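Residue numbers (this note's numbering): 199 to 470.
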């Protein structure tokens, strides 16, 4: 089985940092509010596709430089090229962008999105692809696809967003493309919590580190089951969870908890 270490990973289109078991990805085009390019899309997709094989990363933080998260796809780098493509090329592109979200959802590491400032379009969909979202009161969230003449059905928006905030609220944001602030985004359930801008990254990394110190094999199983059960009936879900939990009960982390409990100590999980 392929096993990789990422301590020396050299990113080309974003900043890559590691602290202990937590990796931080910083989209770094602050002069343009951190738009994605075709190249950065591809690199992010490939990175998340490889994270299941990482031995030294247990949680990931995704953020943006310069007080903004991500303004979506770069108009000049991407849209200017899209209007010249035929249907085959367009479908290749839309499948590639959706594959980034699928890769985020399928990697076992839990992903925390640290969101300040602008979080729009594809940036908003990367936030949807994360497992938890920490925002700031001044952040601005919008699904802008309708504003450029496109459907709100992009990168999984019509399935992910309703499951985060409910169908009616998702319809509002996808049909209107309106911008909502951090307080509203937290109130409707898009953000798990808010932080002040100067504390955002610190609190997000701290949250990721606490997750990374937990039973990460079990976290990965929970993540798998959360998404696998969306389209299943209750009987299938209960059976799938019975199998998943039985697998987790064979892990050393589960045994570590028991022995620590007996010894009246705090368990130290190692993710196996």
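Using N, Cα and C, we set each Cβ at its ideal position, and we do this for glycine too.
All figures in this text were calculated on a predicted structure; none of them were measured in a lab.
How many Å lie between residue i and residue j at the Cα?
i: residue 444; j: residue 308; result: 21 Å
i: residue 348; j: residue 378; result: 20 Å
i: residue 411; j: residue 405; result: 10 Å
i: residue 430; j: residue 456; result: 33 Å
i: residue 438; j: residue 366; result: 29 Å
i: residue 268; j: residue 459; result: 44 Å
i: residue 240; j: residue 293; result: 11 Å
i: residue 381; j: residue 391; result: 9 Å
i: residue 218; j: residue 295; result: 30 Å
i: residue 448; j: residue 440; result: 13 Å
i: residue 208; j: residue 306; result: 21 Å
i: residue 335; j: residue 359; result: 20 Å
i: residue 356; j: residue 277; result: 21 Å
i: residue 282; j: residue 289; result: 13 Å
i: residue 210; j: residue 204; result: 14 Å
Quick one: what's got a C-beta closer than 6 Å to residue i's C-beta in the same chain, skipping five residues either side?
i: residue 235; result: 272, 275
i: residue 389; result: 331, 333, 383
i: residue 222; result: 215, 259
i: residue 454; result: 465
i: residue 530; result: Absent from the structure is residue 530, since the part of the chain shown begins at 199 and ends at 470.
i: residue 467; result: 412, 413, 451
i: residue 242; result: 298
For residue i, tell me which candidate among the options has the shortest Cα-Cα distance.
i: residue 417; options: 400, 442, 438, 434; result: 442
i: residue 353; options: 320, 470, 409; result: 320
i: residue 227; options: 248, 282, 264, 205; result: 264
i: residue 251; options: 261, 304, 461, 217; result: 304
i: residue 315; options: 337, 328, 327; result: 337
i: residue 245; options: 419, 202, 434; result: 202
i: residue 255; options: 289, 230, 206, 231; result: 206
i: residue 302; options: 326, 281, 282, 288; result: 326
i: residue 385; options: 376, 363, 374; result: 363
i: residue 270; options: 317, 358, 278; result: 317
i: residue 407; options: 229, 249, 257; result: 257
i: residue 470; options: 421, 427, 220, 415; result: 415
i: residue 387; options: 419, 253, 368; result: 368
i: residue 300; options: 220, 230, 248, 396; result: 248
i: residue 419; options: 446, 285, 427, 279; result: 446
Using three-state DSSP, classify residue i as helix, strand or coil.
i: residue 377; result: coil
i: residue 402; result: helix
i: residue 347; result: coil
i: residue 445; result: helix
i: residue 462; result: coil
i: residue 426; result: helix
i: residue 408; result: helix
i: residue 328; result: coil
i: residue 276; result: helix
i: residue 269; result: coil
i: residue 296; result: helix
i: residue 216; result: strand
Could you check if residue i is buried or exposed, using at least 16 other CB atoms within 10 Å of its CB as the buried criterion?
i: residue 232; result: buried
i: residue 238; result: buried
i: residue 433; result: exposed
i: residue 323; result: buried
i: residue 461; result: exposed
Return the chain-ordered list of same chain residues with a C-beta closer than 8 Å to the C-beta of residue i, the five sequence neighbours on each side being excluded.
i: residue 261; result: 222, 223, 224, 225, 267, 311, 312, 313, 314, 398, 399, 402
i: residue 344; result: 350, 372, 373, 374, 375
i: residue 328; result: 260, 302, 309, 310, 311
If I measure Cβ to Cβ from residue i and keep anything under 7 Å in the same chain, skipping five residues before and after, which residues do I get?
i: residue 425; result: 303
i: residue 393; result: 332, 334, 401
So, does the CB of residue i fall closer than 8 Å to a CB anywhere in chain D?
i: residue 241; result: This model lacks chain D altogether; it includes just one protein chain.
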